[in-house]
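>
Protein chains: 2
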Amino acid sequence: MARTGIPDIVIGRLPLYLRSLIRLQQGGAIFTSSYELGQMLGISSAQIRKDLSLFGEFGKQGTGYNISSLTAELRRILHTDHEWPVALIGVGDLGRALAHYGGFVNRSFRITHLFDNDPAKIGQHIDGLEVLSVDLIEKTIKTANIKVAMLATPIDEAQAVADTLVRAGVEAILNYAPTVLLVPENVHVQDIDPVIHLQRMVYYLEPPA
Amino acid sequence: MARTGIPDIVIGRLPLYLRSLIRLQQGGAIFTSSYELGQMLGISSAQIRKDLSLFGEFGKQGTGYNISSLTAELRRILHTDHEWPVALIGVGDLGRALAHYGGFVNRSFRITHLFDNDPAKIGQHIDGLEVLSVDLIEKTIKTANIKVAMLATPIDEAQAVADTLVRAGVEAILNYAPTVLLVPENVHVQDIDPVIHLQRMVYYLEPPA
Numbered sequence: 282m283a284r285t286g287i288p289d290i291v292i293g294r295l296p297l298y299l300r301s302l303i304r305l306q307q308g309g310a311i312f313t314s315s316y317e318l319g320q321m322l323g324i325s326s327a328q329i330r331k332d333l334s335l336f337g338e339f340g341k342q343g344t345g346y347n348i349s350s351l352t353a354e355l356r357r358i359l360h361t362d363h364e365w366p367v368a369l370i371g372v373g374d375l376g377r378a379l380a381h382y383g384g385f386v387n388r389s390f391r392i393t394h395l396f397d398n399d400p401a402k403i404g405q406h407i408d409g410l411e412v413l414s415v416d417l418i419e420k421t422i423k424t425a426n427i428k429v430a431m432l433a434t435p436i437d438e439a440q441a442v443a444d445t446l447v448r449a450g451v452e453a454i455l456n457y458a459p460t461v462l463l464v465p466e467n468v469h470v471q472d473i474d475p476v477i478h479l480q481r482m483v484y485y486l487e488p489p490a
Numbered sequence: 282m283a284r285t286g287i288p289d290i291v292i293g294r295l296p297l298y299l300r301s302l303i304r305l306q307q308g309g310a311i312f313t314s315s316y317e318l319g320q321m322l323g324i325s326s327a328q329i330r331k332d333l334s335l336f337g338e339f340g341k342q343g344t345g346y347n348i349s350s351l352t353a354e355l356r357r358i359l360h361t362d363h364e365w366p367v368a369l370i371g372v373g374d375l376g377r378a379l380a381h382y383g384g385f386v387n388r389s390f391r392i393t394h395l396f397d398n399d400p401a402k403i404g405q406h407i408d409g410l411e412v413l414s415v416d417l418i419e420k421t422i423k424t425a426n427i428k429v430a431m432l433a434t435p436i437d438e439a440q441a442v443a444d445t446l447v448r449a450g451v452e453a454i455l456n457y458a459p460t461v462l463l464v465p466e467n468v469h470v471q472d473i474d475p476v477i478h479l480q481r482m483v484y485y486l487e488p489p490a
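If you're matching them up, the sequences are chains R and S in order. Position one of the first sequence corresponds to residue 282 (the working numbering), numbered consecutively onward. Position one of the second sequence corresponds to residue 282 (the working numbering), numbered consecutively onward.
1. Between the beta-carbon of Arg377 of chain R and the beta-carbon of Asp362 of chain S, is there less than 9 Å?
2. Taking CB distances under 9 Å as the criterion, tell me whether Ile422 of chain R reaches chain S.
3. Which runs of the beta strand (DSSP E) at least 3 residues long sit entirely within the stretch 401-432 of chain R? Give them in chain order.
4. What are the residues in the stretch 367-378 of chain R lying within 9 Å of chain S by C-beta distance?
5. Compare the Cα-Cα distances from Arg300 of chain R to each of R:Leu318, R:Ile287, R:Pro288, R:Asp289 and report the closest residue.
6. Using 9 Å as the limit for Cβ to Cβ distance, is Lys428 of chain S near chain R?
7. On the DSSP bridge assignment, give the partners of Thr434 of chain S in chain order.
8. Hey, does Ala453 of chain S have any beta-carbon neighbour from chain R nearer than 9 Å?
9. For chain R, find out if any of its Cβ atoms is closer than 9 Å to the Cβ of Ile418 of chain S; answer yes or no.
10. Under 8 Å, CB to CB, which of the residues in the stretch 288-321 of chain S have a partner in chain R?
11. Select from the stretch 460-480 of chain R all residues with a C-beta closer than 7 Å to any C-beta belonging to chain S, and list them in chain order.
12. Along the alpha helix (DSSP H) that carries Leu299 of chain R, what are the first and last residues, could you check?
13. Under a Cβ-count criterion, where at least 16 other Cβ atoms within 10 Å of its own Cβ denotes burial, should Ile418 of chain S be classed as buried or exposed?
14. Using 9 Å as the threshold, is the C-beta distance between Ile287 of chain S and Leu335 of chain S below it?
15. Excluding five sequence neighbours on each side, which residues of the same chain lie with their C-beta closer than 7 Å to the C-beta of Asp472 of chain R?
16. Could you tell me how far apart the beta carbons of Arg388 of chain S and Val476 of chain R are, in whole angstroms, since I believe they sit closer than 8 Å?
17. If we call anything under 9 Å between Cβ atoms a contact, is Val429 of chain S one with Phe396 of chain S?
18. In the DSSP assignment, what residue or residues form a beta bridge with Phe312 of chain R?
19. Enumerate, from N- to C-terminal direction, the unbroken beta strand (DSSP E) stretches of 3 or more residues contained entirely within the stretch 437-486 of chain S.
20. With DSSP as the reference, identify every bridge partner of Leu395 of chain S, one or two as the case may be.
21. Is Ile358 of chain R close to chain S? Criterion is C-beta to C-beta, closer than 9 Å.
22. Against Arg388 of chain S, what residues of chain R qualify as contacts under a CB-to-CB distance less than 7 Å, listed in chain order?
23. Just to check my reading of the structure: Ile422 of chain R and Val451 of chain R have Cβ atoms closer than 8 Å, yes? What is that Cβ distance to the nearest angstrom?
24. Can you confirm whether the stretch 399-411 of chain R touches the stretch 424-438 of chain R when touching is taken to mean that 3 or more C-beta pairs between the two stretches lie within less than 8 Å?
25. Which residue from S:Leu351, S:Leu305, S:Asp399 puts its Cα closest to that of Val546 of chain S?
26. Quick one: does Thr434 of chain S have its CB under 9 Å from some CB of chain R?
27. What number of angstroms, rounded off, separates the C-alpha of Asp416 of chain S from the C-alpha of Leu479 of chain R?
28. Using a Cβ cut-off of 7 Å, pull out every chain S residue sitting near Leu486 of chain R, in sequence order please.
29. Return the CA-CA distance between Ala443 of chain S and Asn467 of chain S, expressed in angstroms with no decimal places.
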């Protein structure tokens with residue numbers, strides 16, 4: 282199913298809205314407003330109303346958004362109203378950290394397969410999952426029909442692994458390697474790049490002497 | 282120096298422009314256009330021209346942007362035209378991965394101090410840096426005049442460490458713990474949240490059966 286017509290930049294904001302709504306809900310709130318969400322996110326309330334209006338009529342003048350129903354709607358729109366199995370490639374320090382990461386719990390993703398090319402790591406168990414050889418990526422991922430992968434290999438292995446993932450049918454790659462992955466147009470890549478976030482912050486700081 | 286007047290959302294795009302320019306430069310290009318940058322980033326060329334025009338007159342009709350001078354300008358604007366020392370708190374799996382991360386090199390940030398609260402880790406050396414006790418955070422960071430920190434502790438220690446960092450004078454925290462940090466208004470926090478990126482991608486995917 283090709284989903285078009287909504288700018289990707291808008292899609293990029295929906296997970297932020299969802300996360301804020303869940304935080305408000307955890308704090309016991311029932312309703313919220315585009316103003317409150319905007320304050321939490323540093324986005325104008327007009328932008329939030331405009332973004333949400335692309336998907337339907339959610340808020341009510343005066344009472345604002347019902348958090349529980351807007352959360353359910355956003356989950357449905359984002360396809361996060363069920364759990365996606367995820368393959369993790371590379372169980373070095375970073376891969377291990379991701380395998381243990383608490384932030385995936387109840388947020389629609391679960392690491393189900395681990396792969397590495399290091400004979401010393403293959404066969405080990407991490408949180409109950411066996412580390413498989415990268416030679417098994419294609420067959421295993423095809424059989425399990427996995428569409429989402431996280432890539433935590435060294436930089437010089439990243440592209441070859443990405444190629445294998447694409448052959449296996451993966452359509453979404455979260456890339457931790459500091460390199461540009463070349464993939465076909467139907468495959469989505471997002472880079473985790475801490476420097477982007479650091480640069481954004483030091484804009485506001487007095488430069489060191 | 283308070284920097285105001287430019288929307289934060291625009292500031293958030295400048296590091297993306299900078300990264301794309303450096304990639305073009307590494308590929309041997311001399312000039313680029315808002316169209317080419319837009320294609321690389323999924324942002325409209327009109328938006329890019331508008332963002333850059335807030336800082337001055339950079340492009341020339343017909344020839345576009347000189348990559349080398351626009352890169353220098355963006356570095357100056359972002360305060361990344363010199364190196365920022367960075368303190369890393371927490372040297373578990375994730376912290377170790379960050380300490381070894383190749384993506385910081387030549388991108389204006391250098392990890393200069395490591396801290397942990399685990400007696401087994403304190404005193405260890407990682408890439409030539411000694412792991413110091415968290416008890417030394419405040420004194421050490423004040424003395425070294427460090428303003429930027431990365432927080433890679435377990436979730437239940439994150440807020441207390443953030444409080445200590447703020448007391449030590451840190452003004453920018455890159456937070457890897459999946460929790461909301463409460464900090465004073467003058468302190469900037471960016472969260473590394475892989476789920477946000479995963480959710481953004483699966484919007485485009487056919488949901489699993």
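Note that CB positions come from ideal geometry on N, CA and C, so glycine has one too.
Well, looking at it:
1. Cβ distance not < 9 Å, so Arg377 of chain R and Asp362 of chain S don't count as in contact.
2. Cβ-Cβ to chain S under 9 Å: no for Ile422 of chain R.
3. DSSP runs (the beta strand (DSSP E)) wholly in the stretch 401-432 of chain R: 410-414, 429-432.
4. Hits within the stretch, in order: Val367, Gly373, Asp374, Leu375, Gly376, Arg377, Ala378.
5. Each of R:Leu318, R:Ile287, R:Pro288, R:Asp289 was checked against the Cα of Arg300 of chain R, and the nearest Cα belongs to R:Leu318.
6. Interface flag for Lys428 of chain S against chain R is set, since a Cβ pair is found closer than 9 Å.
7. DSSP, once it has assigned bridges, lists no residue as partnering Thr434 of chain S.
8. By this cut-off, Ala453 of chain S is an interface position.
9. It does not; no Cβ of chain R falls within 9 Å.
10. So the list reads Asp289, Ile290, Ile292, Gly293, Leu295, Pro296, Leu297, Leu299, Arg300, Arg304, given in the order they occur along the chain.
11. Listed in sequence order: Val461, His469, Gln471, Ile473, Asp474, Pro475, Val476, Ile477, His478, Leu479, Gln480.
12. For Leu299 of chain R, the uninterrupted alpha helix (DSSP H) run begins and ends at 289-307, by DSSP.
13. Looking at its Cβ environment, which holds 16 or more other Cβ atoms inside 10 Å, Ile418 of chain S is buried.
14. Taking 9 Å as the Cβ cut-off, Ile287 of chain S and Leu335 of chain S qualify as a contacting pair.
15. So the qualifying residues of the chain are Asn456.
16. Between Arg388 of chain S and Val476 of chain R, the beta carbon gap of about 5 Å places them in contact (Cβ cut-off 8 Å).
17. For the 9 Å CB-CB criterion, Val429 of chain S and Phe396 of chain S do not form a contact.
18. DSSP, once it has assigned bridges, lists R:Asn347 as partnering Phe312 of chain R.
19. Listed in chain order, the beta strand (DSSP E) runs fully inside the stretch 437-486 of chain S are 453-456, 469-472, counting runs of at least 3 residues.
20. As DSSP reads the structure, Leu395 of chain S sits in a beta bridge with S:Leu369, S:Val412.
21. The beta carbon of Ile358 of chain R sits closer than 9 Å to some beta carbon of chain S.
22. Here the neighbours are Val476.
23. With 8 Å as the limit, Ile422 of chain R and Val451 of chain R qualify as a contact, their Cβ atoms being about 6 Å apart.
24. Output reads no: the stretch 399-411 of chain R does not touch the stretch 424-438 of chain R.
25. Given that chain S is displayed from residue 282 to residue 490, the structure contains no residue 546 of chain S and the question cannot be resolved.
26. Cβ-Cβ to chain R under 9 Å: no for Thr434 of chain S.
27. Rounded to whole angstroms, Asp416 of chain S and Leu479 of chain R show a C-alpha spacing of 25 Å.
28. The contacting residues are His360, Lys428, Glu452, Ala453.
29. Between Ala443 of chain S and Asn467 of chain S, the C-alpha separation is close to 13 Å.
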